[in-house]
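Just so you know, the sequences run in chain order A and B.
Heads up: the first sequence at position 179 corresponds to 188 in this note's numbering, and the numbers run straight through without jumps.
Heads up: the second sequence at position 118 corresponds to 134 in this note's numbering, and the numbers run straight through without jumps.
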Amino acid sequence: MGRYILRRLLYMIPMIFLVVLLVFLIMAITPGDPATNNLPITATKEVKEAYNASVGYSDSLSVRFFGFVKGVLTGKVLSYTSGQNIFEELGRRLPLTLRLGLVSFAIAAVLGVSLGILSAIKQYSFLDTSLTILAVLFASIPSFFVAIVLLLYFAVYRGVLPTFGMNDGIKSYILPVVTLVSGSIPVLSRMTRSAMLGVLQQDYIRTARAKGVPEKSVIWKHALKNASFPIITLLLGGLANVLGGSVIAESIFSLPGIGTYMLKAINEKNVPGVMTCTLLLSAVFMLAMLLNDICFALIDPKVRARYQG
Amino acid sequence: MKNVLNRPRRPDPYENVKRERDSRFREIVKRYARNRAAVIGLLLFLVILFGIVFANLIVPASLVTAYDRSAKLQPPSAAHIFGTDNLGRDVFARILYGSRITVGIGVGATLASLVIGAIIASVCAISKKADFVIMRIIDVASCVPALLLALVLLAALGGSVANMMITLTVVSVPGFVIMIRSVLLSIVEQDYIKASRLNGTGTLKLVLRHILPNALDPIIVHATMTISGMMLSAAALSFIGMGVSPPSPEWGAMLNFAQGYYKTAPYLAIFPGVAIALTALSINLIGDGLRDALDPKAVK
Numbered sequence: 010m011g012r013y014i015l016r017r018l019l020y021m022i023p024m025i026f027l028v029v030l031l032v033f034l035i036m037a038i039t040p041g042d043p044a045t046n047n048l049p050i051t052a053t054k055e056v057k058e059a060y061n062a063s064v065g066y067s068d069s070l071s072v073r074f075f076g077f078v079k080g081v082l083t084g085k086v087l088s089y090t091s092g093q094n095i096f097e098e099l100g101r102r103l104p105l106t107l108r109l110g111l112v113s114f115a116i117a118a119v120l121g122v123s124l125g126i127l128s129a130i131k132q133y134s135f136l137d138t139s140l141t142i143l144a145v146l147f148a149s150i151p152s153f154f155v156a157i158v159l160l161l162y163f164a165v166y167r168g169v170l171p172t173f174g175m176n177d178g179i180k181s182y183i184l185p186v187v188t189l190v191s192g193s194i195p196v197l198s199r200m201t202r203s204a205m206l207g208v209l210q211q212d213y214i215r216t217a218r219a220k221g222v223p224e225k226s227v228i229w230k231h232a233l234k235n236a237s238f239p240i241i242t243l244l245l246g247g248l249a250n251v252l253g254g255s256v257i258a259e260s261i262f263s264l265p266g267i268g269t270y271m272l273k274a275i276n277e278k279n280v281p282g283v284m285t286c287t288l289l290l291s292a293v294f295m296l297a298m299l300l301n302d303i304c305f306a307l308i309d310p311k312v313r314a315r316y317q318g
Numbered sequence: 017m018k019n020v021l022n023r024p025r026r027p028d029p030y031e032n033v034k035r036e037r038d039s040r041f042r043e044i045v046k047r048y049a050r051n052r053a054a055v056i057g058l059l060l061f062l063v064i065l066f067g068i069v070f071a072n073l074i075v076p077a078s079l080v081t082a083y084d085r086s087a088k089l090q091p092p093s094a095a096h097i098f099g100t101d102n103l104g105r106d107v108f109a110r111i112l113y114g115s116r117i118t119v120g121i122g123v124g125a126t127l128a129s130l131v132i133g134a135i136i137a138s139v140c141a142i143s144k145k146a147d148f149v150i151m152r153i154i155d156v157a158s159c160v161p162a163l164l165l166a167l168v169l170l171a172a173l174g175g176s177v178a179n180m181m182i183t184l185t186v187v188s189v190p191g192f193v194i195m196i197r198s199v200l201l202s203i204v205e206q207d208y209i210k211a212s213r214l215n216g217t218g219t220l221k222l223v224l225r226h227i228l229p230n231a232l233d234p235i236i237v238h239a240t241m242t243i244s245g246m247m248l249s250a251a252a253l254s255f256i257g258m259g260v261s262p263p264s265p266e267w268g269a270m271l272n273f274a275q276g277y278y279k280t281a282p283y284l285a286i287f288p289g290v291a292i293a294l295t296a297l298s299i300n301l302i303g304d305g306l307r308d309a310l311d312p313k314a315v316k
């Protein structure tokens, strides 16, 4: 297992390299350049060319790409727009996005999974029916619209929560977190419900019940463990999304996080900024997928056996 | 002539197959009709479809852009049932015509990814070598953060309806390939495919007549569900100002535009948002209903 994990980690390096290269090439062949996107429209051609040359955009593709790779290895990638080290810029924004993302993830995971389990145990009850209707409803309402409605009611109409920014302590987190959670809870609870229902019909559950295993243990140990694969995949997908998934929430509430940085870098054609974000997001994504496989191996001895020997 | 008409009909060799196909279709319809939520979704979608097709019979298209300076930011009234925006344009007309754009993007991008995905997946199913190469590419492609890729493409291509469709298609093709391929691979292993291959059926005919039709059910369900997802993504991208740009009555762009008027005219945000949610809801209900009707054995 240890060797398998090591191999996967090593395999990540060329994969990330390719992903970053792909994004770099897309940005290179598409129109637009840092000067046009950032200087005032009145700037002359010479000024623009000088700007592009000074940030290094005029260099050849390979110089730019390998300059970026070298920058990543030495920990110093300069932004086209601010001239600062992108790692430092992102570092300043990271805590906000992480706090927002992790809190939302934790709430969504606990509520989504437990509501799904509850729905499955009490299939066709009033609770199950209403939860299912709510889940379908919230899966159809875009989360940014949920945010707008909450913003209209709590911030504009009642005035109890701030409309933007992070200056009101915990109050500033409420609306962004609800926005993020409103999209993920229904997905999680529906998936959990269907996975649990599939397992609860199995013979071994009937056997466990017939043996006199307490219902609690049947649900939490026998059923949940066997239903956990799709749930884990979904949860880790959510965890991988913590860094990049809050673009829209951050943009609605004008929060200075990774998401708004990414958006700004794309609009300003700040290629190293976009590439650094790509690097971070794809690395987190691949780590989450690895974690996913490790979890499977920990839960299921059959999967574990595949990695040994 | 008479003789020809009265000639005893030659027995149709496929009659049994056809009858079976008919009865299966009827059974699916029956199962679908029993599902109350799915029927409600279908009715809701038919109403929306009616609006999309007959928009110009309900209100003239000129109202989408016609502005009336004397009637700016009016709350809903008898003259303007959804009110007017800051230029005095009728919000109802804009939402009605915007449906063509938003739903069009969802359906168009889904169809495009479906066709491209099905072609790539069929190649994977036929040739092991191509499959290996394609899957390595898909591996890399699916590690590219989707939202970031969409934003990069939109920023570079510029915000228009066509570019939105292209972007959403590019982003969702890998998912379609993975999904369709997994269905096709299980079919390729079936005996009837081997049999028809031994019969000398050409590869193209094999794919089009025997492999793809048998994979249709899960693909249809997946595609239906994707339409609403695409619509929501398109609206979200337009909402943050990266998609279809504001003069167009795309619903997300209308919501973006409403941001400046939360205090004075909150209805500018409410109506397009409700329109998106209702349309997505109807499509999701249809998708759920189709899934249950096509595969009654699957657990809900």
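Backbone N, C-alpha and C fix where the C-beta goes; we use that ideal spot for every residue, glycine too.
Query                                                                                                                    : Result
For T287/A, the nearest candidate out of R315/A, L252/A and E277/A (CA to CA)                                            : L252/A
Sequence-distant residues of the same chain with beta carbon closer than 7 Å to N301/A, five excluded per side           : I241, T242 and L245
Below-9 Å beta-carbon distance, I117/B vs any chain A residue                                                            : no
Touching by the beta-carbon criterion (3+ pairs, under 8 Å), the region 50-61 of chain A and the region 14-32 of chain A : no
Where V72/A falls, given that 16 or more other Cβ within 10 Å makes a residue buried                                     : exposed
Own chain, CB closer than 8 Å to L248/B, minus 5 neighbours either side, in chain order                                  : I292 and A296
Where N94/A falls: helix, strand or coil (DSSP)                                                                          : strand
Chain-ordered chain B contacts of S260/A [CB-CB under 7 Å]                                                               : I256
Interface partners of G300/B on chain A, CB under 7 Å                                                                    : Reading the sequence as shown, one finds Asn at residue 300/B and not Gly. By Cβ distance, chain A contributes V145, A148 and S149.
Proximal chain A residues relative to I264/B, where beta-carbon distance stays under 7 Å                                 : First, the residue type needs correcting, since residue 264/B is Ser and not Ile in the sequence shown. Those within 7 Å of S264/B in chain A number zero; the least Cβ separation is about 18 Å.
Straight-line Cα distance separating L109/A from T172/A                                                                  : 16 Å
Assigned secondary structure, D155/B (DSSP; H/G/I helix, E/B strand, else coil)                                          : helix
Burial state of S62/B, where buried means 16 or more other Cβ atoms lie within 10 Å                                      : Here residue 62/B is Leu; the residue named in the question, Ser, does not match the sequence. L62/B is exposed by the Cβ-count criterion.
Extent of the continuous alpha helix (DSSP H) run through K88/B                                                          : Looking at the DSSP string, K88/B is not in any alpha helix (DSSP H), and its letter there is neither H nor E.
Proximity test, Cβ basis, 9 Å: A71/B and chain A                                                                         : no
Exposure label - N176/A; buried when at least 16 CB within 10 Å                                                          : exposed
Residue burial classification, P263/B (beta-carbon count within 10 angstroms, cutoff 16)                                 : exposed
Chain-ordered neighbours of G253/A on chain B, where CB pairs are closer than 7 Å                                        : P161, L163 and L164
Of the residues N250/A, K311/A and N47/A, the one placed nearest N279/A, counting alpha carbons only                     : N47/A
Neighbour flag for A309/B against chain A, beta carbons, 9 Å                                                             : no
Proximity winner among P76/B, D311/B, L310/B and L301/B, relative to R10/B (alpha-carbon distances)                      : Given a span of 17 to 316 for chain B in the structure shown, any question on residue 10/B remains unanswerable.
CB contact check: V227/A to chain B, cutoff 9 Å                                                                          : no
Residue-level contact to chain B via CB, G246/A, 9 Å cutoff                                                              : no
Continuous alpha helix (DSSP H) stretch holding F273/B: start and end                                                    : W267 to A274
Test item: CB-CB of V237/B and L306/B under 9 Å                                                                          : yes
Contact set between T45/A and chain B, taken where Cβ atoms lie within less than 8 Å                                     : Within chain B, no residue comes near T45/A; the closest Cβ sits about 12 Å away, beyond 8 Å.
Below-9 Å beta-carbon distance, L306/B vs any chain A residue                                                            : no
Cβ of K316/B within 9 Å of any chain A Cβ                                                                                : Here K316/B scores only 43 on pLDDT, less than 50, and its place in the model is too uncertain to base an answer on.
Alpha-carbon spacing of I154/B relative to L224/B, whole angstroms                                                       : 23 Å
L170/A - DSSP class collapsed to helix/strand/coil                                                                       : coil
Best match in I117/B, I44/B, I132/B and Y83/B for proximity to I194/B [C-alpha to C-alpha]                               : I132/B
Exposure label - D207/B; buried when at least 16 CB within 10 Å                                                          : exposed
Residues within the region 209-243 of chain B neighbouring chain A, beta-carbon criterion of under 9 Å                   : none
Nearest-angstrom Cα separation, counted from N235/A out to V208/A                                                        : 7 Å
Proximal chain B residues relative to P104/A, where beta-carbon distance stays under 9 Å                                 : The contacting residues do not exist; P104/A stays about 20 Å from chain B at best.
Proximal residues of chain A, C-beta to C-beta of G120/B below 7 Å                                                       : Going along chain A, no residue has its Cβ under 7 Å from G120/B, so there is no contact; the nearest lies around 17 Å.
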